[in-house]
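These notes are about the structure you will find just below.
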Amino acid sequence: MEAGTITARRATRSPLAAAWGWLRRNALMIFAGLAVLYMLVPILVIVLFSFDAGNPQGELDFTFSGFTLENWSDAFAVEAVNDSMITSLELAALSTIASTAIGTLMAMALVRYQFFGRRATNLLIVLPLATPEIVIGAALLSLFITYNLDLGFQTLFIAHVMFSISFVVIVVRSRLIGFDRSIEEAAADLGAKPLTTFRLVTLPLLAPGIVAAALLAFALSIDDFVISNFNSGTTVTFPLYIFGAQLRGIPVQVNVLATMLFAVTVIAIMLVLWQQRRAEQLASVRPLQEV
């Protein structure tokens, strides 16, 4: 009887009430979708104008004149764009390797060991994240001038490693906090040496977090403008080139290369998510305990 009454009430509800109920149930998902769309709109504009046929010289004209693939066939036609992109990729790759190695070891020390100054170190790790980039850039510039270092690729490398380490430490540390140490203890019980345990047990289980931290460091490095602008000297990275070219018109090849870079980034993120899900599935498997 009660089930029939509920069905009758649902049937007599007005369409407006039904729509309002659906909206309340899905409001969070709708809001999240709109927020993601808002963040992706500038990237979609770049992708769209990489196929624009009416503005090959890069004038400040944002009217889409027609679709063409000619821009993609001449993606590497401007040598200055290619050189700046290569410089950014080399800088991002080297700084990512260095900051990931240093940050991973720092995270392991902060999570697994008790030492004097541990709390202060945790605080100092967070400070670069809260400090404005213009302050960090000016401070690094003063440091390099004080020690008579010529501004260029080497100063950019030092600067990018410095601000990337904090992000690597935080990401890897969050992975280490939930790490099951009993797996390492089991390997030690079976006769594995500490280095062998780290190489065959610890490192593979930390790999998803390390890869995520490395991708984040890479993205921060290749995207940085403020700190690079202070410490670049005559070295021109991709963001610095775009900033200098926007006064006279950005070549359409910039849109094409940016679209390529975005596509590679999306593929890399999908691979990381797949690897993380695979690692979680493997970690959830536990041997059956004997009764």
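Position one of the sequence shown corresponds to residue 1 (the working numbering), numbered consecutively onward. Built from N, CA and C at the ideal position, the CB exists for glycine as well. If you're wondering where the values come from, they're calculated on a predicted model, not measured in any experiment.
Nearest-angstrom beta carbon gap, residue j and residue i [assumed within contact, 8 Å]
i           : j           : result
residue 166 : residue 141 : Incorrect: roughly 19 Å between the Cβ atoms, too far for contact.
residue 155 : residue 231 : 5 Å
residue 259 : residue 87  : 19 Å between Cβ atoms; not a contact.
residue 235 : residue 153 : 5 Å
residue 100 : residue 168 : 5 Å
residue 105 : residue 121 : Contact doesn't hold; Cβ gap of about 13 Å is too wide.
residue 241 : residue 81  : 7 Å
residue 159 : residue 97  : That belief does not hold up - the Cβ atoms of residue 159 and residue 97 are roughly 16 Å apart, past 8 Å.
residue 212 : residue 272 : 6 Å
residue 103 : residue 36  : No, residue 103 and residue 36 are not in contact; Cβ-Cβ is about 28 Å, not under 8 Å.
residue 244 : residue 151 : That belief does not hold up - the Cβ atoms of residue 244 and residue 151 are roughly 16 Å apart, past 8 Å.
residue 91  : residue 221 : 6 Å
residue 31  : residue 53  : Residue 31 to residue 53, Cβ: 37 Å. No contact.
residue 75  : residue 275 : Residue 75 to residue 275, Cβ: 30 Å. No contact.
residue 183 : residue 201 : 6 Å
residue 157 : residue 95  : 6 Å
residue 262 : residue 125 : Not quite, the Cβ-Cβ distance comes to about 30 Å (not below 8 Å), so this is no contact.
As assigned by DSSP and simplified to three states, the class of residue i
i           : result
residue 67  : strand
residue 179 : coil
residue 148 : coil
residue 230 : helix
residue 192 : coil
residue 216 : helix
residue 250 : coil
residue 157 : helix
residue 224 : coil
residue 237 : coil
residue 14  : coil
Strand pairing of residue i, partner residues [DSSP]
i           : result
residue 358 : Residue 358 cannot be examined here, being either before or after the span of the chain that is shown, 1 to 291.
residue 52  : 67
Burial state of residue i, where buried means 16 or more other Cβ atoms lie within 10 Å
i           : result
residue 117 : exposed
residue 208 : buried
residue 85  : buried
residue 195 : exposed
residue 218 : buried
residue 251 : buried
residue 65  : exposed
residue 246 : exposed
residue 256 : buried
residue 175 : buried
residue 26  : exposed
residue 311 : For residue 311 there is no data in the structure shown, the boundaries of the chain being 1 and 291.
residue 214 : buried
residue 136 : buried
residue 203 : exposed
residue 224 : buried
Residue-chain proximity (residue i, chain C), Cβ-Cβ < 9 Å
i           : result
residue 195 : The structure shown has no chain C; it contains just one protein chain.
Could I get the ranges of all uninterrupted alpha helix (DSSP H) runs contained in the region 75-136, with 4 residues as the minimum, in chain order?
You should have 79-112, 118-130.
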